[in-house]
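Asker: One structure follows; several queries about it will come next.
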Amino acid sequence: MSSIILIVDDNPELVDGVKLTLEMEGYQVLTALSGAEALEVLGRITPDLILADIMMPEMDGYELYERVHSDPRWVKAPFIFLTAKTSQADIRRGKEMGADDYITKPFDSQDLVSAVRGRLKRMAE
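Residue numbers (my numbering): -18 to 106.
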């Protein structure tokens, strides 16, 4: 059975590109274009990993991370920020919150796949 990954980003083109990349690696991919939509998806299914942007309208990725990690159903899913916020302060904030990884845009698709694969492998151990 392949792992289920939830991608959360308000840029539909980026979502489509990441979805295609991960599907080509054999993953099942769910998508959400906002934090609120992500919570709706999470209400129906718990993914094995969450990839989320930080800068989104209404609910940013930091708030989404807090909401996910306050619910026992989702707290074990690795959470990777995929964001254009590249300052050291932003990266530090994401890591201090407890994010499993912090990937900055633009990114190499193989780096993304490696990060996803590594987090899922660690969860399976």
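Each residue gets a CB set at the ideal place from its N, CA and C atoms; glycine is no exception. These figures come from a predicted structure and were not determined experimentally.
Please report how far the alpha carbon of residue 47 lies from the alpha carbon of residue 40, in whole angstroms.
Answerer: Residue mapping note: residue 47 aligns to position 66 of the sequence shown, counting from 1. Residue mapping note: residue 40 aligns to position 59 of the sequence shown, counting from 1. Rounded to the nearest whole angstrom, the CA to CA distance from residue 47 to residue 40 is 11 Å.
Asker: If I measure Cβ to Cβ from residue 67 and keep anything under 6 Å in the same chain, skipping five residues before and after, which residues do I get?
Answerer: On the sequence shown, position 86 is the one that residue 67 refers to. Cβ neighbours of residue 67 beyond the five flanking positions: 85.
Asker: Can you name the start and end residues of the alpha helix (DSSP H) that residue 72 belongs to?
Answerer: Indexing the sequence shown from 1 puts residue 72 at position 91. Run containing residue 72: 69 to 78, per the alpha helix (DSSP H) assignment.
Asker: For residue 83, which residues from the same chain have a beta carbon less than 7 Å from its beta carbon, with the 5 sequence-adjacent residues on both sides left out?
Answerer: Along the sequence shown, read from residue 1 onward, the residue named residue 83 stands at position 102. Excluding sequence neighbours, residue 83 sits near 62, 72, 75, 76.
Asker: Taking the DSSP output, what are the residues bridged to residue 13?
Answerer: Translated into positions along the sequence shown, residue 13 becomes position 32. Note: residue 13 sits in a beta bridge opposite -11.
Asker: Alpha carbon to alpha carbon, what distance is there between residue 57 and residue -11?
Answerer: On the sequence shown, position 8 is the one that residue -11 refers to. On the sequence shown, position 76 is the one that residue 57 refers to. Between residue -11 and residue 57, the C-alpha separation is close to 17 Å.
Asker: For residue 64 and residue 34, which I take to be in contact (beta-carbon distance under 8 Å), what is that distance rounded to the nearest angstrom?
Answerer: Your numbering for residue 64 matches position 83 in the sequence shown. Your numbering for residue 34 matches position 53 in the sequence shown. With a Cβ gap of about 5 Å, residue 64 and residue 34 count as contacting.
Asker: Relative to the alpha-carbon of residue -4, which residue among 45, 31, 101, 21 has its alpha-carbon at the smallest distance?
Answerer: If you number the sequence shown from 1, residue -4 lands on position 15. Checking every option, the nearest Cα to that of residue -4 belongs to 31.
Asker: Kindly indicate which three-state DSSP category residue 81 falls into: helix, strand or coil?
Answerer: Looking up residue 81 in the sequence shown gives position 100. Here residue 81 sits in coil by DSSP.
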